[in-house]
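>
Number of protein chains: 2
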Amino acid sequence: MRRSFEDMKILLRQQNIKLSHHRLKVLEYLAKHHIHPTVEQIYDDLHKEIPTLSKTTVYNSLHALANAGLVRIITIEDNETRYDLEVEPHGHFKCERCGIIFNFTIDIDKISTNELNHFEIREKSVYFKGICPTCLQQVKDNDYWRIGI
Amino acid sequence: MRRSFEDMKILLRQQNIKLSHHRLKVLEYLAKHHIHPTVEQIYDDLHKEIPTLSKTTVYNSLHALANAGLVRIITIEDNETRYDLEVEPHGHFKCERCGIIFNFTIDIDKISTNELNHFEIREKSVYFKGICPTCLQQVKDNDYWRIGI
DNA sequence: TTACTTATTTGTAATAATTACAATATCATA
DNA sequence: TATGATATTGTAATTATTACAAATAAGTAA
Ligand SMILES: [Mn+2]
Ligand SMILES: [Mn+2]
Ligand SMILES: [Zn+2]
Ligand SMILES: [Zn+2]
Numbered sequence: 011m012r013r014s015f016e017d018m019k020i021l022l023r024q025q026n027i028k029l030s031h032h033r034l035k036v037l038e039y040l041a042k043h044h045i046h047p048t049v050e051q052i053y054d055d056l057h058k059e060i061p062t063l064s065k066t067t068v069y070n071s072l073h074a075l076a077n078a079g080l081v082r083i084i085t086i087e088d089n090e091t092r093y094d095l096e097v098e099p100h101g102h103f104k105c106e107r108c109g110i111i112f113n114f115t116i117d118i119d120k121i122s123t124n125e126l127n128h129f130e131i132r133e134k135s136v137y138f139k140g141i142c143p144t145c146l147q148q149v150k151d152n153d154y155w156r157i158g159i
Numbered sequence: 011m012r013r014s015f016e017d018m019k020i021l022l023r024q025q026n027i028k029l030s031h032h033r034l035k036v037l038e039y040l041a042k043h044h045i046h047p048t049v050e051q052i053y054d055d056l057h058k059e060i061p062t063l064s065k066t067t068v069y070n071s072l073h074a075l076a077n078a079g080l081v082r083i084i085t086i087e088d089n090e091t092r093y094d095l096e097v098e099p100h101g102h103f104k105c106e107r108c109g110i111i112f113n114f115t116i117d118i119d120k121i122s123t124n125e126l127n128h129f130e131i132r133e134k135s136v137y138f139k140g141i142c143p144t145c146l147q148q149v150k151d152n153d154y155w156r157i158g159i
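Protein chains in written order, with the working numbering: chain A, 11 to 159; chain B, 11 to 159.
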């Protein structure tokens with residue numbers, strides 16, 4: 011249920027957010043790489059293509075896109091913010107060994123919130139941490155258990 | 011279902027974590043102030059009592075206590091880490107206006123995780139953002155709606 | 001107690017992510 | 001093409017966290 015690139019352009023136009031070259035490149039990057047990238051990753055990769063791109067512009071673009079509701083900001087670790095084009099509610103699992111962030115579907119409404127009746131909820135986040143299957147296998151092959159991860 | 015101070019001391023001794031004066035002060039602070047404080051808050055408040063306390067020690071103590079399983083690290087915003095003595099699973103609601111973080115109970119196991127069957131889950135987090143009842147009222151009294159928050 | 005060993009604390013410096021801001025470039029429209 | 005508004009850049013500032021070595025405190029056994 012991912013939005014098409016054209017739909018996103020329309021959304022941006024509706025909200026009077028200019029479709030500047032760099033913004034579209036950032037958007038395109040997110041659309042191509044569903045890996046919840048960091049600013050660093052986006053900047054490093056795009057910089058190869060667009061040598062004049064600055065990191066500030068990546069930040070600016072992501073904030074503009076987030077305000078427009080096209081991009082979701084994911085905070086799992088306090089030392090890195092990650093960005094996601096998928097704005098439909100879903101959970102995130104971060105592997106503590108390889109760092110990859112996986113999506114998983116959740117029925118967010120099953121989380122009872124009767125205690126929050128008088129709160130206005132604007133955003134819901136669910137994230138898990140642990141070890142992914144690939145890393146579990148590697149860990150089994152070696153004996154890294156001893157060192158904790 | 012909060013742990014008693016004595017129980018926590020026993021846990022620390024079991025794990026061979028020394029009950030140093032400063033660590034106990036940090037622990038005591040968390041026990042008295044269930045406000046999910048930042049390092050800054052802990053440091054500022056304790057520093058009045060213990061003028062020789064350094065911020066590094068607050069970080070060290072919190073990490074030691076977290077490793078011992080007595081303290082939970084909460085990452086909601088990427089620019090501030092918060093700490094919680096309550097390690098039983100529960101959700102957090104952060105008010106985007108006043109910044110207060112509220113607890114709420116969740117039945118974490120209701121979140122279906124069949125997609126994560128082959129993952130080893132070590133930690134689950136649920137947090138919401140929005141506006142708390144107090145702020146909603148204040149906002150209604152004024153007309154801050156216009157400015158978005 | 002004392003001497004010795006080990007862990008903690010301190011203070012400062014380094015790191016790293018993000019933001020602020022002013023100058024410059026680009027875009028949209030007339 | 002000219003004009004005004006917005007986007008982008010580059011740099012500097014800010015801020016949270018970590019690294020590290022020296023000083024201090026705590027723990028232990030004689
Ligand atoms: Mn995602
Ligand atoms: Mn809590
Ligand atoms: Zn992994
Ligand atoms: Zn509030």
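The C-beta atom is built at its ideal place from N, Cα and C for all residues, glycine as well.
#1: With a cut-off of 7 Å, does the C-beta of A/E96 fall near any C-beta of chain B?
#2: So A/F129 and B/G140 are supposed to be a Cβ contact under 8 Å. How far apart are they, rounded?
#3: So what does A/E93 bridge to, in DSSP terms?
#4: Answer yes or no: the CB of A/R132 versus the heavy atoms of ligand 4, is any distance below 6 Å?
#5: Go through the residues and name those whose CB comes closer than 7 Å to any heavy atom of ligand 4, in chain order.
#6: Quick one: is A/K28 buried, meaning 16 or more other Cβ sit within 10 Å of its Cβ, or exposed?
#7: Would you check if the distance between the CB atom of A/H102 and the CB atom of A/Y137 is smaller than 7 Å?
#8: Mind checking whether B/R5 and B/S71 have CB atoms under 7 Å apart?
#9: So, does the CB of A/H44 fall closer than 7 Å to a CB anywhere in chain B?
#10: Counting along the chain, where does the beta strand (DSSP E) carrying A/R13 start and finish?
#11: Strictly under 7 Å for the Cβ-Cβ distance: is A/D17 near chain B by that measure?
#12: Beta-carbon within less than 7 Å of A/A41's beta-carbon, same chain only, minus the 5 sequence neighbours each way: which residues are those?
#13: Does the beta carbon of B/R156 come closer than 7 Å to any beta carbon on chain A?
#14: State the beta-bridge partners of B/F138 as determined by DSSP.
#15: Since I believe A/V68 is in contact with A/V36 (beta carbons under 8 Å), could you give me their beta-carbon distance rounded to a whole number of angstroms?
#16: On the three-state DSSP scale, how would you describe A/T67?
#17: Given that a residue counts as buried once 16 or more other Cβ atoms are within 10 Å of its Cβ, and exposed if not, what is A/P47?
#18: Can you tell me whether B/I86 is buried or exposed, with buried defined as 16 or more other CB within 10 angstroms of its CB?
#19: Quick one: does the C-beta of B/D117 sit closer than 6 Å to a heavy atom of ligand 2?
#20: So which residues of chain B does A/R132 contact, with C-beta pairs closer than 9 Å?
#21: Determine which residues share a DSSP beta bridge with A/I111 and list them.
#22: Closer than 8 Å between beta carbons: that is the criterion. Which residues of the region 17-40 of chain A meet it against chain B?
#23: Between the C-alpha atoms of A/Q134 and A/R13, what's the straight-line distance to the nearest angstrom?
#24: Looking at chain B, which residues of the region 68-94 of chain A have a Cβ within less than 9 Å of any of its Cβ atoms?
#25: Could you pull the DSSP bridge partners for B/T48 from this structure?
In brief:
#1: Numbered from 1 along the first sequence, position 86 holds the residue referred to as residue 96 of chain A. With 7 Å as the cut-off, A/E96 does not count as an interface residue toward chain B.
#2: For the purposes of this step, residue 129 of chain A is taken as residue 119 along the first sequence, with counting starting at 1. For the purposes of this step, residue 140 of chain B is taken as residue 130 along the second sequence, with counting starting at 1. Right, the Cβ-Cβ distance comes to about 6 Å (below 8 Å), so this counts as a contact.
#3: Indexing the first sequence from 1 puts residue 93 of chain A at position 83. In the sequence on display, residue 93 of chain A carries Tyr and not Glu. Looking at the DSSP assignment, A/Y93 forms a beta bridge with A/I83.
#4: As a first step, residue 132 of chain A is located in the first sequence; it is residue number 122 there, counting from the start. Not so, every heavy atom of ligand 4 lies at least 6 Å from the Cβ.
#5: B/C105, B/R107, B/C108, B/I110, B/I141, B/C142, B/T144, B/C145
#6: Here residue 28 of chain A refers to the residue found at position 18 when the first sequence is read from its first residue. Flag for A/K28 reads exposed.
#7: Locating residue 102 of chain A in the first sequence gives position 92, counting from the first residue. Locating residue 137 of chain A in the first sequence gives position 127, counting from the first residue. Yes, Cβ-Cβ distance for A/H102 and A/Y137 is below 7 Å.
#8: This structure does not reach residue 5 of chain B, given that chain B is present from 11 up to 159, and the question cannot be answered.
#9: Reading the first sequence from its first residue, position 34 is the one you call residue 44 of chain A. No, because no Cβ of chain B sits closer than 7 Å to the Cβ of A/H44.
#10: Locating residue 13 of chain A in the first sequence gives position 3, where the first residue counts as 1. A/R13 -> no beta strand (DSSP E), and no H or E assigned at all.
#11: If you number the first sequence from 1, residue 17 of chain A lands on position 7. Taking 7 Å as the CB threshold, A/D17 stays off the interface with chain B.
#12: Locating residue 41 of chain A in the first sequence gives position 31, counting from the first residue. Counting only Cβ-Cβ distances below 7 Å, and skipping sequence neighbours, we find F15, L95.
#13: The residue labelled residue 156 of chain B in the question sits at position 146 within the second sequence. Any reading at B/R156 must be qualified, since the residue scores a pLDDT of 48, below 50, and its modelled position is unreliable; no value is offered.
#14: Numbered from 1 along the second sequence, position 128 holds the residue referred to as residue 138 of chain B. In the DSSP output, where bridge partners are listed per residue, B/F138 has A/K134, B/F103.
#15: Residue mapping note: residue 36 of chain A aligns to position 26 of the first sequence, counting from 1. Residue mapping note: residue 68 of chain A aligns to position 58 of the first sequence, counting from 1. So it is a contact: roughly 6 Å between Cβ atoms.
#16: In the first sequence, residue 67 of chain A corresponds to position 57, counting from 1. Helix.
#17: Here the question's residue 47 of chain A lines up with position 37 in the first sequence. Burial call: buried.
#18: Position 76 of the second sequence, counting from 1, holds the residue named residue 86 of chain B. A residue is called buried when at least 16 other Cβ atoms come within 10 angstroms of its Cβ; B/I86 meets this threshold and is buried.
#19: Locating residue 117 of chain B in the second sequence gives position 107, counting from the first residue. The answer is no for B/D117.
#20: Along the first sequence, one-based indexing puts residue 132 of chain A at 122. Within 9 Å Cβ-Cβ: E106, F138, K139, G140, I141.
#21: Residue numbering aside, residue 111 of chain A sits at position 101 when the first sequence is read from its first letter. According to DSSP, A/I111 bridges with A/K104.
#22: none
#23: Mapped onto the first sequence, residue 134 of chain A falls at position 124. Mapped onto the first sequence, residue 13 of chain A falls at position 3. In the sequence as presented, Gln is not what sits at residue 134 of chain A; that position holds Lys. Cα to Cα, A/K134 sits roughly 20 Å from A/R13.
#24: I83, T85, I86, E87, D88, N89, E90, T91
#25: One-based indexing of the second sequence puts residue 48 of chain B at position 38. In DSSP, B/T48 forms a bridge with B/R92.
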